[in-house]
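Some notes on the structure that comes next.
Protein chains: 2
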Amino acid sequence: MTDVIPEQLSDLLERPLLGHLATTRPDGSPQVNPMWFLWDGTHLRFTHTSRRAKFRNVRHEPRVAMSVVDPDHPSRYLEVRGTVESVDDDPTGAFYVALAQRYSRPPNPPADAPDRVVLVVRPESISFQDRR
Amino acid sequence: MTDVIPEQLSDLLERPLLGHLATTRPDGSPQVNPMWFLWDGTHLRFTHTSRRAKFRNVRHEPRVAMSVVDPDHPSRYLEVRGTVESVDDDPTGAFYVALAQRYSRPPNPPADAPDRVVLVVRPESISFQDRR
Numbered sequence: 001m002t003d004v005i006p007e008q009l010s011d012l013l014e015r016p017l018l019g020h021l022a023t024t025r026p027d028g029s030p031q032v033n034p035m036w037f038l039w040d041g042t043h044l045r046f047t048h049t050s051r052r053a054k055f056r057n058v059r060h061e062p063r064v065a066m067s068v069v070d071p072d073h074p075s076r077y078l079e080v081r082g083t084v085e086s087v088d089d090d091p092t093g094a095f096y097v098a099l100a101q102r103y104s105r106p107p108n109p110p111a112d113a114p115d116r117v118v119l120v121v122r123p124e125s126i127s128f129q130d131r132r
Numbered sequence: 001m002t003d004v005i006p007e008q009l010s011d012l013l014e015r016p017l018l019g020h021l022a023t024t025r026p027d028g029s030p031q032v033n034p035m036w037f038l039w040d041g042t043h044l045r046f047t048h049t050s051r052r053a054k055f056r057n058v059r060h061e062p063r064v065a066m067s068v069v070d071p072d073h074p075s076r077y078l079e080v081r082g083t084v085e086s087v088d089d090d091p092t093g094a095f096y097v098a099l100a101q102r103y104s105r106p107p108n109p110p111a112d113a114p115d116r117v118v119l120v121v122r123p124e125s126i127s128f129q130d131r132r
């Protein structure tokens, strides 16, 4: 278990909330969009494909940041900064299906399963606000 | 009025939703956190202070990106990429108060009003998903 995430904020990673994952493009400008994620106490995992800009971005700059807000308390949020430690193949889309179940979506493998990958991120630092 | 934002998605900028604003740190890694914003059809405006990391980031790299999700349809989102065109002083916190009203928060000037600034961003491109 990492000690980077304070226990008082770990619910924001354990609940099926959307994380806004920011990467840096090769030209130095930022990119950000909402993503499903799974937190196991040590790594954040995201389903992605090898054919999108974000994949190319993390190949070039593996440092990423994710922002997640408590929908019940909009002034309560967590930013996790970390590094993509590995990119694992997911050729059957099994990890996509696991995330779809977590987010209460139809648990069907995606049409682009052959290109699916798992971005594995180790958190290194955070910023947060914990107002209710 | 800009033609960068499609009309079918403009509600995501008109409603008082949180935008997850990504910037690039001087070391090249991304930074992202939720922010209030105001959209006038041409620019996005954010209240901020001159004493925080994000301010130093945009001085160094004015290109930013913002992600916003439709809370009623979590697969519907908009990423706006753009450039900080100006940073305006807000020494009375008047713009902060306007945003506090938009977001139904107490309309009181913040304690750090003397350091308050307005980040003025011109959108240049978008990415989106419009599933309901």
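Chains V and B are the protein sequences, given in the same order.
My numbering numbers the first residue of the first sequence as 1 and each following residue consecutively.
My numbering numbers the first residue of the second sequence as 1 and each following residue consecutively.
Built from N, CA and C at the ideal position, the CB exists for glycine as well.
Item                                                                                                                                                                         : Value
Please say whether B:T23 and B:D133 have beta carbons closer to each other than 8 Å?                                                                                         : Only positions 1 to 132 of chain B appear in the structure, and residue 133 of chain B is not among them; the question remains open.
Determine, using beta-carbon pairs with one atom in the segment 93-108 of chain V and one in the segment 36-50 of chain V, whether at least three such pairs fall under 8 Å. : yes
Can you tell which of B:D27, B:G19, B:P26 has its C-alpha closest to the C-alpha of B:P184?                                                                                  : Any answer about residue 184 of chain B is impossible in this case: the structure gives chain B only from 1 up to 132.
Looking only at its chain, what residues have a beta carbon closer than 8 Å to the beta carbon of B:Q31, apart from the 5 residues adjacent to it on each side?              : A22, T23, T24, R25, A53, K54, N57
Need the endpoints of the alpha helix (DSSP H) that B:H60 sits in, please.                                                                                                   : 53-60
From what residue to what residue does the beta strand (DSSP E) around B:D89 run?                                                                                            : 73-89
Do V:R81 and V:I126 have their beta-carbon atoms positioned less than 8 Å apart in this structure?                                                                           : yes
Which full runs of the beta strand (DSSP E) of 3+ residues lie inside the segment 19-57 of chain V, going along the chain?                                                   : 19-24, 30-35, 44-49
Alpha carbon to alpha carbon, how far is B:V68 from V:T92?                                                                                                                   : 30 Å
Look at B:R51 and B:D3 and say whether their C-beta atoms are less than 8 Å apart.                                                                                           : no
To which residues does DSSP link V:L119 through a beta bridge?                                                                                                               : V:F46, V:V87
With distances taken Cα to Cα, identify the nearest neighbour of B:A65 among V:R76, V:F46, V:Y77, V:G28.                                                                     : V:G28
Across which residues does DSSP place B:V69 in a beta bridge pair?                                                                                                           : B:Y77
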